[in-house]
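Residue numbers (the UniProt record's numbering): 1 to 112.
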């Protein structure tokens, strides 16, 4: 049941993204890592993945609830929540190979 709940969270997270043009000065050192946050315009998952990879970055992979909470806290701390306080982001998890079966594009590992 816990795995299904996380998969549902990832599915919800995959439904949204507001990401802008990225340059090296747009990245932030937050929460023990380097992250890009932006909200200039909306793009789909494919474009977000390509954009990150073309700049040597990956979409975030969230492996458990603790990491999900950490990512949410980092985004809140950065000030990049939207006006409705919703979390709008893409993760590397997707179900492109088989509907409902989520895998991380960055590692090929199953979303658990």
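Using N, Cα and C, we set each Cβ at its ideal position, and we do this for glycine too.
- For residue 71, the three-state secondary structure derived from DSSP is helix.
- Here residue 94 is buried: its Cβ has 16 or more other Cβ atoms, across all protein chains shown, within 10 Å.
- With fewer than 16 neighbouring CB atoms inside 10 Å of its own CB, residue 54 falls in the exposed class.
- Around the beta carbon of residue 91, a 10 Å sphere encloses 16 or more other beta carbons of the protein chains shown; the residue is thus reported as buried.
- In the three-state scheme derived from DSSP, where H, G and I count as helix and E and B as strand, residue 49 is classed as helix.
- Around the Cβ of residue 49, a 10 Å sphere holds 16 or more other Cβ atoms; the residue is buried.
- According to DSSP, residue pairing for residue 76 in a beta bridge does not occur.
- Residue 106 is not a Cβ neighbour of residue 68, given a cutoff of 8 Å.
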